[in-house]
Structures are given as C-alpha cells and as structure tokens.
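The sequence shown begins at 62 in the numbering used here and counts up by one.
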Amino acid sequence: MTIDKLTISLRRVRKAFDELSQELVVSESENKGLKESLSEQKASLEAAEEKRNALEKKLLSCAEGAQKSRSQLEEFFQTLTSKIDSLHPSKETADADGIQKLEIKECLNVLRGLKETTSLKAEKVEDMLSSVNERLESGLDSILKSVEFKTSSDPGLREFVEDQVQHLRVDMTKYEEIAVENRKVYESNVALKEQLKAQQLHSSRLEEQIQTFQQSESDMRARSNQLERDLDDLRKARSPGFDVSGLEQGSAHLRQQLRKAEEGLEAASVEMETHKKLRQCLEQDGARYKKCYENAKAHLKQMAAAHRSKMQNAAVMRTCLVKDCEDKIDKYKRCSEAEISCLKYDYSTKEAECTELSDKLDISADQLSQMKESLAGLQSSLEEDMRKQQLVGETKLKDATQQSLSNSTEVARLRERLQQTKEKLHAKTGDLMKVEKRA
C-alpha cells in the first residue's frame, strides 16, 4: 500500500512538474511578449513626444506666419487707406469717359462685396483676404492709371475713413490670428485625443496581461506549495533507499524560474507605472489644450460679434463714400463734356483758318511762279542789252583806235563807260540772284 501510494504521489509530482514546466514556458513567452509590447509602447510614447514637440514647433511657426501675414495685411490696408483717400479727384479733366465708368464700376463692386460680407469662417480667412486684395488692387490701380488724383479737399471725411479703416484693419488682424490659432489648437487637440485613446486601450490591454500573469503567479505558487507538501509527505513516507534528489533539483529549478518570472513581473509593473505617468502627462496636456481651445473659441465668437458690428458701421461709411464718389464722377463728367464741346468748336475754327491759309498759300505759289518767269525774262533781256552795249563799245573802240591813236582821252572815256556798263551789269545780276534766293 505504501509503495502504491508512493508511486501515485510520484506520478502526481511528475505530472505537476510537467504542467509547471509547460506553464513556465508559456509564462516566459508571455513575459517576452509583454516586454516587447512595453518596448513598443515606450517607442510609441517617444513618438508621441516627438509629435508633441513637432506640434509645438508648428504652433511657433504658425505664430510667426501669423505675424508675417499681419504685417502684410497692415501694408495692404495702408495701401487701401491711401487709395480710398485718393478717391476724391482734383478739378482737372478726366481722359476717357467709358473706361472710367468700367473701372469705377469694378471698384464699386469690390466695395459692395465687402459690404455684403457679414461674417468670416476660420478656414476661409486667407482665401477671402487674398481675393479681396487682388480685386481691390486691380480695380484701384486701374483707376489710378487712368485718372490723376490728389489729396482730398475734405479733411473730416478723410480722417473718418482712416479711423474706420484702422479699426477694420485691427479687427481683421485679430480675427485672422485667432482663427489660425483656433484651427491649430483644434487639430492638435484632435491628435492628442486620438493618441490618448490609443494609449488607454493599450494600457487596458497591458493591465489585463498583468492580471493574467499575477493569476498565473498565484497558481504557480499554490502548486509549488502543494509540491512542497507532497515532497514533505514523500520524505516522511519514503523508504531508506529511495532517492528524491532529482525531484528536489527540479523543484529548485522551478523556484528559480518562478523567481525570474517574479522579477520580470516587477519590471513590467515598473514599466506600467512609467506608462501611467506618461499617460497622465498626456491627459494633462490634452486638458490644457482643450482649455486653450475653449478660450480661443469663446474669444473668436466675441471677435466675430464685434466684427459684425464693425462691418455694419463700415457699411454706412462705404455707402456715403460711394455716393460721394458717384457725385464727384458725375460732376467731372459734365465738366469733361463741356470742355470737349469747347475743344470741338476750337477745332472747327482752326480747321477753317487752316483752309484759308492753304488757299493763300496756293495763290502765293502762283505769284511766285509768275515772278520767276518775269525774272527769267528780265535776266535774258539784261544779258541781251549787255551784249549789245559791249558790241557797241567794242565797235566804237575799234573806230576810235583806227581814227586816231593819239586821242587817248576819248579812249579812256570809252573804257570808263565800258567799265561802268560792266559794273551795272554785275549789280543787276546780283540783284537778280537775290530775288531768286528770296523766291
């Protein structure tokens, strides 16, 4: 009976040893998987920290971009202020009436579009501002190119326009900054919520695994205690020649493996505590971002309400400004039409004078041609007379020479007359050349 009981107890010990060995293998594999999951969780937490740092850098860059966009918006509104100030034209005449109407109509359409815009959305602020900027720039630049403007003669209206535009610029800048910040905070809040949900899910899984390991540890301890009791029973009931050193070595090995499993569980518990602390930090960051988002949202609503009231006040100013511009345009249109009629009358008068001068020029040309013909005839007659007088003088000179070579006085007189005749001929030739040059 004692041998049978001992055999049965040995079988039970071997069976328990096999079961403990299998459970130890399973526990080691689970412990390994737990360590891997903890390392993955640690990597995910580091990635979450990197994402958070990246989000902070993006927020800083967005703030810098908002400041740059603010400066650009201030420059744009300064340009708009200067161009609205220059909408009071001088008393000089405009150039093309049809082109003026089209350009002024385009500018008025831009102003009416601003008047009808009651509220803005955070996602469409940049698109709306760029569109308004392009339309206002194109309309106002085309007007400035076609019409010459000068400083407004009404300083009160100019100061009122500058004041309203300044308030509008400040409100639009604040609205844009809050909208951009609200959108970034909302995106970061959504990302942090998703990360927090993933961390909570993974933490719950780790807690379940730890509970499973703790239950396995308690079961292993219970079985170890049962094995120790069985060993004690075996020691009490064993025969003198029976060796249970192998069982004791197996039990010691099991205790060592159990100790290692306990150490792994303690390390997993430490990692779990670290994970809990990191999760609490993430929850605190999420709560802080959520609070900032709610504050920004409330401030955005206040700014939207203030912007609507400012837009209503600006609508009255735009209506007065548009009416004043239309009156000025009509006035200068009438002045331009009157000056155009005067220019047409002057043109007709000058055209008649030009026709009369053309007729006189034709008559003068005819007279000049007649004078040229008469001068040519006079020149030919003078040349003929000169030839005749020269022939007569030469004949007389020859006769006088033949009659008396001693009559030097007569010869000198004839030579003198011939010289005078030549001088007269040269003088008449010079007068004829002068008359031709004048003609």
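All C-beta atoms, glycine included, are put in the ideal place defined by N, C-alpha and C.
Spatial distance of V453 from R478 (CA atoms): 11 Å
Coil, strand or helix - K495 by DSSP: helix
Rounded straight-line distance, which links the Cα of R244 to that of R369: 21 Å
Those runs of the alpha helix (DSSP H) which lie wholly inside the stretch 370-446 and span at least 4 residues: none
Buried or exposed by the 16-neighbour rule on C-beta atoms within 10 Å, applied to A357: buried
Residue-level contact to chain B via CB, L81, 9 Å cutoff: Among the chains of the structure shown, chain B does not appear; only one protein chain is present.
CA-to-CA distance, Y247 to A366, given in whole angstroms: 21 Å
Outcome for Y549 when other beta-carbon atoms lying within 10 angstroms are tallied against a minimum of 16: Residue 549 falls outside the range modelled here, since the chain spans only 62 to 500, and no answer is possible.
Alpha-carbon spacing of S300 relative to R73, whole angstroms: For S300, the pLDDT reaches just 48, beneath the cut-off of 50, and the residue's location in the model is therefore unreliable, leaving the point undetermined.
Spatial distance of I390 from M372 (CA atoms): 26 Å
Buried/exposed call for Y406, threshold 16 Cβ in 10 Å: exposed
Inter-residue spacing [alpha-carbon to alpha-carbon] between T410 and T380: 45 Å
In chain order, each beta strand (DSSP E) run of at least 3 residues that lies wholly inside the stretch 233-275: none
CB contact flag (G325, L253, <9 Å): no
Through-space distance from R266 to T504, alpha-carbon basis: Past the edges of the chain, shown from 62 to 500, lies residue 504, and the structure says nothing about it.
Alpha carbon of L361 to alpha carbon of V241, nearest angstrom: 10 Å
Among S442, D460, C403 and E323, nearest to K489 - alpha-carbon criterion: S442
C-beta atoms of L486 and M447 nearer than 9 Å: yes
Sequence-distant residues of its chain with Cβ nearer than 6 Å to A313 (five each side left out): none
A259 vs S105 beta-carbon contact at 9 Å: yes
Inter-residue spacing [alpha-carbon to alpha-carbon] between E400 and Y393: 10 Å
Inter-residue CB distance, R290 and A77 (contact presumed, cutoff 8 Å): That belief does not hold up - the Cβ atoms of R290 and A77 are roughly 11 Å apart, past 8 Å.
Nearest-angstrom Cα separation, counted from D280 out to I69: 22 Å
E80 beta carbon less than 9 Å from that of S277: no
Proximity below 9 Å, CB of R320 to CB of S264: no
Separation of H336 from G94, as counted between CA atoms: 17 Å
Through-space distance from Q318 to L343, alpha-carbon basis: 37 Å
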